[in-house]
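Numbering (our numbering), first residue to last: 522 to 906. Cβ coordinates follow ideal geometry from the N, Cα and C atoms, glycine included. Predicted, not measured: the structure shown is a model, and the values here were computed from it.
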């Protein structure tokens with residue numbers, strides 16, 4: 522009986538140990554489950570925060586990039602409620618930007634509160650047990666492992682991609698989400714109202730454009746937005762020639778067809794026909810002394826005169842560092858189609874023509890004889906050209 526009692530005691534003790542073991546394993550499993558659940562929850566929250574940040578960043582960029590005159594023009598069609606709402610937001614930029622900023626700040630605070638805490642807690646024991654690291658080093662490593670990917674995904678998917686997309690489609694993006702921004706302004710109205718009033722109060726001390734000047738700018742902006750792509754390119758090129766120098770467009774002498782002042786009239790006639798240019802620079806002793814108009818020369822021949830030097834026009838001198846627009850105005854004032862380019866030391870470098878300046882605005886201009894058709898005709902008739 523005593524032996525049986527001892528066996529029963531051992532059985533009970535074994536049962537207790539087994540129960541403790543099962544209890545411990547079950548709780549560890551549950552604890553791990555809680556940690557994994559917490560990590561998954563925080564990952565979902567992080568994804569939601571990045572998505573919300575992307576939405577606000579895209580709308581902010583689209584709102585700023587969209588043209589108010591163009592929005593007003595589209596909103597004239599009362600059926601386009603998205604654009605009507607967007608126009609209201611454009612008329613109240615302080616309120617709209619306040620809503621966006623409140624949203625971004627709220628998302629940032631929420632992401633900072635939950636972002637990566639559970640991930641860090643879950644990774645820290647892993648680094649301690651698997652890599653045998655000290656607690657402090659394991660916590661630092663787990664924090665970096667959570668923060669670096671989070672920062673990358675936030676910057677790329679929460680900022681860069683949505684902002685780039687919004688810049689490519691500002692009107693569509695801004696109009697599509699205007700209703701959502703309006704609802705957000707109602708949700709956060711106390712904070713939005715405070716920020717809006719504060720901004721307006723401070724901006725009163727900063728000078729702004731007169732209403733008429735602002736209207737002129739809006740009109741110009743509206744006209745530009747409605748232009749074709751080709752017309753926009755022309756307008757932008759007009760702005761560029763204000764900074765373009767003559768040095769960047771002139772034709773150097775080694776590429777210019779010229780006449781010598783002491784050449785006989787027959788030789789000049791041959792060169793004019795062969796070159797096919799309306800105007801030709803005239804040289805004497807290695808220096809340009811003027812410009813000959815081919816039409817005037819042919820009229821001189823028709824009149825039976827031979828002193829062609831009498832119809833040489835004085836050169837219009839342009840300096841290589843002069844702005845191209847200034848050169849154009851000088852040539853326009855002097856009624857000249859060709860200018861002689863000099864450097865600061867007075868050395869003749871080449872020529873620039875009205876056509877060269879126009880090509881900076883509209884692109885290449887095709888000349889009737891660019892394919893050498895005149896020369897082909899003359900050679901076809903056996904003439905020595």
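Alpha carbon of residue i to alpha carbon of residue j, nearest angstrom
| i | j | result |
| --- | --- | --- |
| residue 602 | residue 663 | 49 angstroms |
| residue 566 | residue 594 | 41 angstroms |
| residue 915 | residue 819 | Here the chain comprises residues numbered 522 to 906, so residue 915 is not present and cannot be evaluated. |
| residue 979 | residue 665 | As shown, the chain starts at 522 and ends at 906. That puts residue 979 outside it, with no answer to give. |
| residue 554 | residue 654 | Below a pLDDT of 50, predicted positions are generally treated as unreliable, and residue 554, at 47, falls in that range; no measurement from the model is reported. |
| residue 862 | residue 807 | 15 angstroms |
| residue 865 | residue 842 | 9 angstroms |
| residue 832 | residue 778 | 18 angstroms |
| residue 755 | residue 785 | 44 angstroms |
| residue 568 | residue 690 | 24 angstroms |
| residue 796 | residue 596 | 58 angstroms |
| residue 836 | residue 802 | 8 angstroms |
| residue 677 | residue 723 | 34 angstroms |
| residue 751 | residue 719 | 44 angstroms |
| residue 661 | residue 564 | 19 angstroms |
| residue 692 | residue 760 | 25 angstroms |
| residue 848 | residue 827 | 34 angstroms |
| residue 577 | residue 753 | 30 angstroms |
| residue 854 | residue 825 | 32 angstroms |
| residue 911 | residue 714 | Look at the range of the chain in this structure, 522 to 906, and you will see that residue 911 is not part of it. |
| residue 809 | residue 788 | 18 angstroms |
| residue 682 | residue 617 | 22 angstroms |
| residue 700 | residue 710 | 15 angstroms |
| residue 626 | residue 634 | 12 angstroms |
Close Cβ partners of residue i (< 7 angstroms) along its chain, the five nearest in sequence each way excluded
| i | result |
| --- | --- |
| residue 695 | 580, 583, 584, 587 and 607 |
| residue 763 | 844 and 846 |
| residue 792 | 780 |
| residue 886 | 876, 879 and 880 |
| residue 758 | 881 and 882 |
| residue 631 | 570 |
| residue 830 | 782 |
| residue 822 | 790 |
| residue 688 | 582 and 586 |
| residue 684 | 578, 579 and 582 |
| residue 609 | none |
CB of residue i within 8 angstroms of CB of residue j, strictly
| i | j | result |
| --- | --- | --- |
| residue 851 | residue 870 | no |
| residue 571 | residue 672 | no |
| residue 629 | residue 705 | no |
| residue 592 | residue 702 | no |
| residue 599 | residue 605 | yes |
| residue 768 | residue 679 | no |
| residue 817 | residue 782 | no |
| residue 721 | residue 615 | yes |
Burial state of residue i, where buried means 16 or more other Cβ atoms lie within 10 Å
| i | result |
| --- | --- |
| residue 727 | exposed |
| residue 859 | buried |
| residue 562 | exposed |
| residue 749 | exposed |
| residue 667 | buried |
| residue 669 | exposed |
| residue 652 | exposed |
| residue 908 | The shown model of the chain, from 522 to 906, leaves out residue 908, and the question about it has no answer. |
| residue 874 | buried |
Beta-carbon proximity list for residue i, same chain, < 6 angstroms, skipping 5 on both sides
| i | result |
| --- | --- |
| residue 834 | 811 and 812 |
| residue 716 | 619 |
| residue 698 | 580 |
| residue 573 | 628 |
| residue 765 | 845 |
| residue 712 | 623 |
| residue 613 | none |
Neighbourhood of residue i by C-beta distance below 8 angstroms, restricted to the same chain and skipping five residues each side
| i | result |
| --- | --- |
| residue 686 | 579 and 694 |
| residue 815 | 793, 798, 799, 800 and 801 |
| residue 549 | Its pLDDT being 39, under 50, residue 549 is placed unreliably in this model, and the coordinates cannot settle the point. |
Cβ of residue i within 8 angstroms of any chain D Cβ
| i | result |
| --- | --- |
| residue 715 | This model lacks chain D altogether, as it is built from one protein chain only. |
The stretch 858-870 contacting the stretch 768-788, beta-carbon criterion three pairs below 8 angstroms: yes
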